[in-house]
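There are 2 protein chains.
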Amino acid sequence: MSGMNEAAAGAPQGSDFLQLDIGSAPAGGKADWLAGRLRRAIADGRLTVGSRLPPTRVLAAELRVSRGVVTEAYRRLAEDGHVEGRRRGGTVVVAVPVVPGDGAGEAGRGMPRGDSPGADAVDAGRAVAAGAFPGPATADRVNGAGHSVAADPFPDADNPVGPGLFAGPGGVRTAAETLFTGEPGPGVFDALRAAPARFDFTPGRPDLAAFPRAAYLRAERAVLGELSADGLGYGDPRGAPALRRAVADWLARNRGVRVEPREVLIVSGTAQALTLLHTVLRADGIDAVALEDPGSLGSRQHLRNGGLATPPVPVDDDGIRVDALRATGARAVLLTPAHQFPTGVVTSGERRRALLRWAQDGGLILEDDYDAEHRYDRPPVPALRGLLADRVCYLGSVSKLLAPALRIGWLVPPPRHRDALIDAKRFADLGNAVLPQLVLARLMDSGGLERHLRLLRGRHRRRRDAMIDALAAHLPGAVVRGAAAGLHLTVTYAGDVPDTDLAAAALAHGVKCQPLSWHRLLPGRPGLVLGYAATPAGAIADGVALLGKALRSLS
Amino acid sequence: MSGMNEAAAGAPQGSDFLQLDIGSAPAGGKADWLAGRLRRAIADGRLTVGSRLPPTRVLAAELRVSRGVVTEAYRRLAEDGHVEGRRRGGTVVVAVPVVPGDGAGEAGRGMPRGDSPGADAVDAGRAVAAGAFPGPATADRVNGAGHSVAADPFPDADNPVGPGLFAGPGGVRTAAETLFTGEPGPGVFDALRAAPARFDFTPGRPDLAAFPRAAYLRAERAVLGELSADGLGYGDPRGAPALRRAVADWLARNRGVRVEPREVLIVSGTAQALTLLHTVLRADGIDAVALEDPGSLGSRQHLRNGGLATPPVPVDDDGIRVDALRATGARAVLLTPAHQFPTGVVTSGERRRALLRWAQDGGLILEDDYDAEHRYDRPPVPALRGLLADRVCYLGSVSKLLAPALRIGWLVPPPRHRDALIDAKRFADLGNAVLPQLVLARLMDSGGLERHLRLLRGRHRRRRDAMIDALAAHLPGAVVRGAAAGLHLTVTYAGDVPDTDLAAAALAHGVKCQPLSWHRLLPGRPGLVLGYAATPAGAIADGVALLGKALRSLS
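And the structure:
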């Protein structure tokens, strides 16, 4: 933060800078508040890439706060990757969360912009099927002892599995034998969750031990202290205005999607988003939603339950095969373009252009942006919704950002579906619970959620590396894919052991995971989908060793 | 706010008063901020009942704000019912939101248990149409000036009304003219909520100013302190086991319903319960659900949206007419037997027996037990579910016990529908959010919720009495019904002014209420449905005076 004099030249200054009114900062949270204001100014274009922030000393004097407050705020923005200290150049805005239409520089910083259909920057960030094993697993793991003994948080003596699993007898006592037999029913995820196991590699969960409990409680206290009595009544079925604003800001900062708060609909997670879409799509004459294959079993079950056909469309290393999509004749498709589930493929630039052409010809894209914010080795790709608002319905949630237990997500539908979706949400449950919405809005507005994500990224990356190492060491012929981002990877292995058999043997050895074939209708190699984010590195090594043992027992 | 010297005596003063730091107040929201701080201090015991607030002039000087800021903050607390201006006595704290463990007197403490099927208490508690007016309203209300200016808690600049209301233009600006015109659509309740008005007599809300914020936060802290990391993952779609146990205990203690926790399904309020039932009933071959008439417009809209026919069945002073129910041929009926909405009729013993016979002949009763715990002048009747488990699906929620904003309810279905409802809940949203469930379980298990209800009953009874008095004084020919329990009453009046016209005129005069005809398909006298629970007594008197004025303007 040296070079203040140079930096000051030309920089907006003083209390007029962004019309900052420190009087509106909460006591004890001035740095948070200031960082939030600056973040918003970057997101909405008042501070553009390349512009300099006022020197800390100058801004502190103008705001009549200690210089430490300003330094701390700048530090947080630097951690976000939004600004950079450039010695003599001062503190400079280097990355707009995603700015449609400009062409900022190099890879890794600032996101590849892809707002105009066909932006080439996308290819720079293309999926690399990470066959890359950094050599044999090192033997010096810390914490080799058994941890992460994931006791089921919802034990229920009488019926641990719930209905809808399999017609046959058995239940949880014989989960290892029955869970992976036959066509998986709607209760299969509950059954897997309830099955006892020492190591849980179920995909889709972030590191829940890192959940910011203290920050959550602080935010809840503030919300309860400020909410009016009327605010405890029936709320807006579209969601609390504060959260809809916070989500709109979040999407602008992190996902390259610029929307008004009124375009955002708060829902109870992506599952509810799909449920609401069932009726709205059918009313729009859409009776089929094409699915990526491999693709999420849960989504397939969901759409079918809603009376929609789900023709499978193959995914290759560039993403979904758009020619095959056209061939299905389906007018809608559910996609995970930022990090395809379960393969981890990032949709290439060429394929994105083809998809957008398909959509412009009348197709509707349901964009499930489920874990786009979790990236390690490459910049995130911006969401498709930012490119073609009229033909893309965007789905997001906090399940991978904070915790699935919160059950909060959001929909940004195309304008023509908005009112019908609001009606559907109103009939579904009159709107989400209000207090958790307001708590989340605070965590988003304060930058707390972005700080949490940065913390998670470091932890997740170490766990991912541990899993890649362990697979190389313990699973014969392991080929890992989709590890450049997200909370899980897929692995194929030598031999022809069916993956359901391997998953069953793994469960018998105390390891939970999902067979790749659950998520596939089209033929393909057997494999496993392994979540690594919620398990400490040492336990990952131990669990994968047991996986290897299970595979050898079958070969 | 005269008598400042007296008031100052013994009052905490100055900037040390509550350690108020005006620097943490948002710009332009100082009165709000101050009211919030004072409210919290009353809630957490720093300001006890009987203590005096500093004189406005003194506090204003200490905080260096205009006296108007302090006056406005005090006014808001007076509207809440937390403080009262006492001429020479200054401004005094008169009500604490919730005091655990106090033993305020009279009947209505310790609830009569009604757990034996067929308890005779039912007949004793028969509906009494409360024509009882305790004489002309007294004229010596304190604080006759305008209070309870209930600004909409969810203003939204672009679209305050939401879709689904009426096709025509207008929106909130012409709410008074358009809201009550034509067939009410699914957005009509949102529109009414968003309409600005000084007095809000919308039925269905308890006293939300009494919400036990401190106890809620304490419970949340305990939950966050104890929950395992896995507990933050995907949960049991049936609901958190702790809450299902707490609800089972609650139903046994308070509603005469003895069930196992595994029979309880946690949902997002009664609205979601109905949504889940749509598909399950249709799958069971049920295509019509008979409705009480008068009966809830919201329920009618809901069932119709779910593709179910809703034949109306008249309600008389004994409850629903079972002969007419048989004549519809419908195989299911939605009932509010404990306190019929909106008439307040309690189903008589003879009628309950007839209903149970109808159910034993193959009928299904959906029992919406929406406000059974709120009773004043008579013991509660036990729920029908306790008498005929196989033919009754029980629906309850915390919307009237604590706050609609929590969006938590429960279903106790007949055994044969249980698994299908669990599947429906899983598809709907994978289960309710976990933290609010665990907080509620603590409030139920600790007795905190029952203490809260005792507090509410006293407050609600005073407000009900104030409304009855005011109606007698101001509404020509007023006949009140359904005031022996609940959160609302119905009133008919002399003359033939259509109730939609009266409701529109009332809104134009600044008073929100619902026309009785909204809730009726069969012919009947015009009337209003008036909620009194959420409005302080003084404001009730003022609002009802305006209602009378509105009626006179039309006669």
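Heads up: the sequence lines are chains A and B, in that order. For the record, in the first sequence the residue sitting at position 227 is 227 according to this note's numbering, with numbers rising by one throughout. Positions in the second sequence are counted from 1; adding 555 to them yields this note's numbering. Glycine included, every Cβ here is placed at the ideal spot set by N, Cα and C.
For residue i, collect the residues of the same chain with a Cβ closer than 8 Å to its Cβ; drop the 5 residues on either side in sequence, then sort them by chain order.
{"i": "residue 1052 of chain B", "result": "1081, 1106, 1109 and 1110"}
{"i": "residue 886 of chain B", "result": "840, 841, 843, 917, 918 and 919"}
I'd like the list of long-range same chain contacts for residue i, defined as Cβ closer than 6 Å, with 5 residues on each side in sequence excluded.
{"i": "residue 413 of chain A", "result": "393 and 421"}
{"i": "residue 18 of chain A", "result": "41"}
{"i": "residue 372 of chain A", "result": "338 and 380"}
{"i": "residue 134 of chain A", "result": "Below a pLDDT of 50, predicted positions are generally treated as unreliable, and residue 134 of chain A, at 25, falls in that range; no measurement from the model is reported."}
{"i": "residue 244 of chain A", "result": "261 and 264"}
{"i": "residue 1113 of chain B", "result": "Residue 1113 of chain B falls outside the range modelled here, since chain B spans only 556 to 1110, and no answer is possible."}
{"i": "residue 25 of chain A", "result": "33"}
{"i": "residue 857 of chain B", "result": "829"}
{"i": "residue 602 of chain B", "result": "596 and 648"}
{"i": "residue 1047 of chain B", "result": "1034, 1080 and 1082"}
Counting along the chain, where does the alpha helix (DSSP H) carrying residue i start and finish?
{"i": "residue 963 of chain B", "result": "Neither: residue 963 of chain B is in no alpha helix (DSSP H) and is coded neither H nor E."}
{"i": "residue 618 of chain B", "result": "611-618"}
{"i": "residue 1101 of chain B", "result": "1092-1109"}
{"i": "residue 609 of chain A", "result": "Because chain A in this structure spans residues 1 to 555, residue 609 of chain A falls outside the shown range and cannot be described."}
{"i": "residue 426 of chain A", "result": "415-429"}
{"i": "residue 47 of chain A", "result": "Unbroken run through residue 47 of chain A: none, as it is neither H nor E."}
Within 6 Å: the Cβ of residue i and any heavy atom of the ligand NAP?
{"i": "residue 1079 of chain B", "result": "The ligand NAP is not part of this structure, which contains no ligands at all."}
Looking only at its chain, what residues have a beta carbon closer than 7 Å to the beta carbon of residue i, apart from the 5 residues adjacent to it on each side?
{"i": "residue 991 of chain B", "result": "961 and 963"}
{"i": "residue 979 of chain B", "result": "831, 834 and 835"}
{"i": "residue 78 of chain A", "result": "84 and 85"}
{"i": "residue 760 of chain B", "result": "959, 1042, 1086, 1088 and 1089"}
{"i": "residue 324 of chain A", "result": "313 and 314"}
{"i": "residue 1102 of chain B", "result": "1029, 1030, 1061 and 1066"}
{"i": "residue 322 of chain A", "result": "351, 354, 355 and 358"}
{"i": "residue 828 of chain B", "result": "822, 950, 964 and 966"}
{"i": "residue 842 of chain B", "result": "863 and 864"}
{"i": "residue 985 of chain B", "result": "789 and 792"}
{"i": "residue 455 of chain A", "result": "210"}
Can you give me the start and stop residues for the beta strand (DSSP E) that residue i sits inside?
{"i": "residue 1036 of chain B", "result": "1034-1036"}
{"i": "residue 368 of chain A", "result": "364-368"}
{"i": "residue 904 of chain B", "result": "It is not in any beta strand (DSSP E) - residue 904 of chain B instead sits in the alpha helix (DSSP H) that spans 904-915."}
{"i": "residue 1085 of chain B", "result": "1082-1086"}
{"i": "residue 490 of chain A", "result": "488-492"}
{"i": "residue 646 of chain B", "result": "645-648"}
Answer with yes or no whether the minimum CB distance from residue i to chain C is below 7 Å.
{"i": "residue 985 of chain B", "result": "Here chain C cannot be found, since the structure's protein chains are A and B."}
(message) Any C-beta of chain A within less than 9 Å: which residues of the stretch 875-906 of chain B qualify?
(response) none
(message) Between the stretch 742-755 of chain B and the stretch 1052-1071 of chain B, can you find at least three pairs of beta-carbon atoms closer than 8 Å?
(response) yes
(request) Write down every uninterrupted run of the beta strand (DSSP E) in the stretch 264-344 of chain A whose length is 3 residues or greater and which is fully enclosed by it, in chain order. (result) 265-267, 289-293, 312-316 and 332-335
(request) Jot down the residue ranges of each uninterrupted beta strand (DSSP E) in the stretch 989-1040 of chain B, minimum 3 residues, whole runs only, in chain order. (result) Counting whole runs of 3 or more residues, the stretch 989-1040 of chain B contains the beta strand (DSSP E) stretches 1034-1036.
(message) Under 8 Å: do the stretch 1035-1045 of chain B and the stretch 890-902 of chain B share three or more Cβ pairs, one atom per stretch?
(response) yes
(message) Short of 7 Å Cβ to Cβ, which residues in the stretch 284-315 of chain A face chain B?
(response) 302 and 305
(request) Tell me the start and end of each unbroken alpha helix (DSSP H) in the stretch 760-831 of chain B that is at least 4 residues and wholly inside, in chain order. (result) Listed in chain order, they are 768-781 and 796-810.
(message) Contact between the stretch 447-467 of chain A and the stretch 304-316 of chain A is defined here as three or more beta-carbon pairs at a separation below 8 Å; is this criterion met?
(response) Three or more Cβ pairs closer than 8 Å define a contact, and the stretch 447-467 of chain A falls short of that threshold against the stretch 304-316 of chain A.
(request) Could you tell me whether the stretch 844-851 of chain B touches the stretch 1072-1092 of chain B, where touching means 3 or more Cβ pairs closer than 8 Å? (result) yes
(request) Identify each residue in the stretch 740-769 of chain B for which the Cβ-Cβ distance to at least one residue of chain A is less than 7 Å, and report them in chain order. (result) 741, 745, 748, 760, 763, 764, 766 and 768
(request) Report yes or no: do three or more beta-carbon pairs, one from the stretch 342-354 of chain A and one from the stretch 213-228 of chain A, lie closer than 8 Å? (result) no
(request) Quick one: which residues of the stretch 574-599 of chain B get their C-beta closer than 7 Å to a C-beta of chain A? List them in chain order. (result) 576, 578, 579, 581, 582, 591 and 595
(request) Check each residue of the stretch 218-252 of chain A: if its Cβ is closer than 9 Å to any Cβ of chain B, include it; give the result in chain order. (result) 220, 221, 224, 225, 226, 227, 228, 229, 230, 231, 232, 233, 234, 235, 236, 237, 238, 240, 241 and 244
(message) Can you pull out the residues from the stretch 266-285 of chain A whose beta carbon lies closer than 7 Å to at least one beta carbon of chain B?
(response) Correct list: 268, 269, 271, 272 and 275.
(request) Please determine if the stretch 382-398 of chain A and the stretch 237-257 of chain A are in contact, where contact requires at least 3 C-beta pairs separated by less than 8 Å. (result) yes
(message) Under 9 Å, CB to CB, which of the residues in the stretch 372-406 of chain A have a partner in chain B?
(response) Against chain B - using a Cβ distance shorter than 9 Å - the residues of the stretch 372-406 of chain A are 399, 402, 403, 404, 405 and 406.
(message) Please list, in chain order, the residues of the stretch 422-453 of chain A that have any C-beta partner in chain B closer than 8 Å.
(response) 422, 423, 426, 427, 428, 429, 430, 431, 432, 433, 434, 435 and 436
(message) Beta carbons nearer than 9 Å to chain A: which residues of the stretch 1040-1070 of chain B have them?
(response) none
(request) Please name the residues in the stretch 532-545 of chain A whose beta-carbon is closer than 9 Å to at least one beta-carbon of chain B, in chain order. (result) Against chain B - using a Cβ distance shorter than 9 Å - the residues of the stretch 532-545 of chain A are 534.
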